[in-house]
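K.L.:
Here it is, the structure in full.
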Amino acid sequence: MQMSGNDLGDIPGLTVGQAACSTAETGVTVIVADSPAIAAVDIRGGGPGTRETDALGLSRLVGQVDAIVLAGGSVYGLAAADRVCTLMGKEGRGVGLTGRDDIPKSPIVPAAILWDLDRGDKRWGAEPPYRDLAEAAYRSRSTSINLGAVGAGKGAMAGAHKGGVGSASAAIAGGRVAALIAVNSFGSPYVPGTPHFWAAPFEQGAEFGGRGVGPHTGIADFPPDTAMAAMAGARRNTTIGVVATDIPLTRAQAARLAIMAQTGMARALRPVHAPTDGDILFVLSTGKGPAPDTEAAQLRLLTLGTAAADVVARAIARGVYAAEHMG
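Start counting the sequence shown at -10; every next residue gets the next number (the working numbering).
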């Protein structure tokens, strides 16, 4: 069952802002929680670019976040989180350990970046655009989410095809789950030689074209080694995103959900989690109230994780499909 918006905006307590630079073909997507959200991260790619992901470990002090930033620009894009931190700190958001008004709080804003340095004009001199893009994204956030070559997906590629930002959601017993993904993958979202998405079995309605299921012929669908080497040389890799739910979770449950949700990337992209990819998935729980670690809660997590993998796969195909049709 789809939610009304079929995107991350269906999760109460979250807003999304996006901004992009057409000249540089790059951008920033900011996901902001109205109040600190339980968070986790799962990193599968061989070449990740991150900020503050270590803070989300189960043995760490802080298990909640104020926002998540996704950006293009490789290492330069990590600066986007600096501006989001500054803006949220000015609003009084973040962790405060002293109780003193003259010491600013520390917003927790993990970030992940994708590689788009070979797209557009990146001759930005001493000041890359990511701080300004982050501020524009932060100030424009809402529950209405544009898909395609927008935000962090502005300069994205999905294999040899256009990539972009995609989102999808679903209702399950007790709540909702949604994903927002910036698709800049090494692998292809399409069955080779066809217009059919690998994610086709999970499509709801005609949310990414209704093209149906193509001929899946297994390992023979991989391009030859020479083509794979050329693709790797292009370095157009990394699929990053956020899965969110309004079901209350413990930190350990959120970590397990992140692992289960990563399966959605494997359902929608082939190959995936390659040595040059930086594939990363964050999980956010905005749910309030107890998150019991009971047998019933484990069964609910099983259902939630399965649905999360489905919405990740659907979000990937929706992002690529939207980018296809943006011209």
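Glycine included, C-beta positions come from ideal geometry on N, C-alpha and C.
Bear in mind that the values here come from a model prediction, so they are computed numbers and not experimental data.
Take Ala263 and list the residues in its own chain whose beta-carbon comes closer than 6 angstroms to its own, dropping the five residues that flank it on each side.
P.N.:
Phe175
K.L.:
Take the Cβ of Leu86 as the centre, count every other Cβ of all protein chains shown within 10 Å, and call the residue buried at 16 or more, exposed below.
P.N.:
exposed
K.L.:
By DSSP, does Lys79 sit in helix, in strand, or in coil?
P.N.:
Reduced to three states, the DSSP call for Lys79 is helix.
K.L.:
With distances taken between CB atoms, is the gap from Phe143 to Thr15 smaller than 8 angstroms?
P.N.:
Before going further, note that residue 143 is Lys rather than Phe in the sequence given. Yes.
K.L.:
Pop quiz: Arg120 and Gly6 are said to be a contact at Cβ under 8 angstroms. What is the actual Cβ separation, rounded to whole angstroms?
P.N.:
Beta-carbon to beta-carbon, Arg120 and Gly6 are separated by about 14 angstroms, too far to satisfy the 8 angstroms threshold.
K.L.:
If the criterion is Cβ atoms closer than 8 angstroms, does the pair Phe271 and Ile57 meet it?
P.N.:
Judged by their CB atoms, Phe271 and Ile57 are nearer to each other than the 8 angstroms cut-off.
K.L.:
What do you get for Ile92, buried or exposed, if any count of 16 or more other CB atoms within 10 angstroms of its CB means buried?
P.N.:
exposed
K.L.:
Considering Cα atoms alone, identify which of Pro190, Gly182, Arg108 and Leu136 is closest to Cys10.
P.N.:
Comparing Cα-Cα distances from Cys10 to each of Pro190, Gly182, Arg108 and Leu136, the minimum goes to Arg108.
K.L.:
Classify Pro184 as buried or exposed, calling it buried when 16 or more other Cβ atoms lie within 10 Å of its own Cβ.
P.N.:
exposed
K.L.:
Tell me whether Thr215 is buried or exposed, calling it buried when 16 or more other Cβ atoms sit within 10 Å of its Cβ.
P.N.:
A caution first: Thr215 carries a pLDDT of 44, below 50, which makes its placement in the model unreliable, though a value can still be read off. Label assigned to Thr215: exposed.
K.L.:
Mind listing, in chain order, the continuous beta strand (DSSP E) runs of no fewer than 3 residues lying wholly within the stretch 149 to 215?
P.N.:
153 to 161 and 164 to 172
K.L.:
Using alpha carbons as the reference points, say which of Ile102, Pro96, Gln193 and Gly294 lies closest to Ala162.
P.N.:
Gly294
K.L.:
Do Pro37 and Ile269 have their beta-carbon atoms positioned less than 8 angstroms apart in this structure?
P.N.:
yes
K.L.:
CB-CB under 6 angstroms to Ala29, same chain, minus the five flanking residues each way: which ones, in chain order?
P.N.:
Leu45, Ala243, Ala244, Ala247 and Val272
K.L.:
With DSSP as the reference, label Val309 as helix, strand or coil.
P.N.:
helix
K.L.:
I'd like to know whether the C-beta atoms of Asp31 and Gln287 end up nearer to each other than 8 angstroms.
P.N.:
no
K.L.:
With which residues is Gly230 paired in a DSSP beta bridge?
P.N.:
Ile170 and Leu270
K.L.:
With H, G and I counted as helix, E and B as strand and the rest as coil, what does DSSP make of Leu3?
P.N.:
Strand.
K.L.:
Go through its chain and collect everything with a Cβ distance to Val73's Cβ below 7 angstroms, but skip five positions before and after it.
P.N.:
Val19, Ala56, Val58, Val98, Ala123 and Tyr127
K.L.:
Which residue wins for smallest C-alpha separation from Trp113, given the options Val139, Tyr65 and Tyr179?
P.N.:
Tyr65
K.L.:
Measuring only the C-alpha atoms, how far is Ala68 from Arg89?
P.N.:
27 angstroms
K.L.:
With distances taken Cα to Cα, identify the nearest neighbour of Arg307 among Ala280, Ala168 and Met249.
P.N.:
Comparing C-alpha distances from Arg307 to each of Ala280, Ala168 and Met249 shows the shortest one belongs to Ala168.
K.L.:
Less than 8 angstroms separating the beta-carbons of Gly78 and Ala171?
P.N.:
no
K.L.:
Is it buried or exposed, Thr4, if we count other Cβ atoms within 10 angstroms and call 16 or more buried?
P.N.:
Its Cβ being crowded by 16 or more others within 10 Å, Thr4 is buried.
K.L.:
What's the C-alpha gap between Val301 and Tyr179?
P.N.:
It is roughly 15 angstroms from the alpha-carbon of Val301 to the alpha-carbon of Tyr179.
K.L.:
For a quick check, are the C-beta atoms of Met315 and Ala138 less than 8 angstroms apart?
P.N.:
Against a cut-off of 8 angstroms, the Cβ pair of Ala138 and Met315 comes out as a contact.
K.L.:
Give me the residue from Ala60, Pro25 and Asp(-4) with the minimum Cα distance to Gln53.
P.N.:
The option with the nearest alpha carbon to Gln53 is Pro25.
K.L.:
Where does Ala26 sit, in a helix, a strand or coil, going by DSSP?
P.N.:
strand
K.L.:
On the DSSP letters alone, give me the boundaries of the beta strand (DSSP E) that Ile102 sits inside.
P.N.:
Ala100 to Ile102
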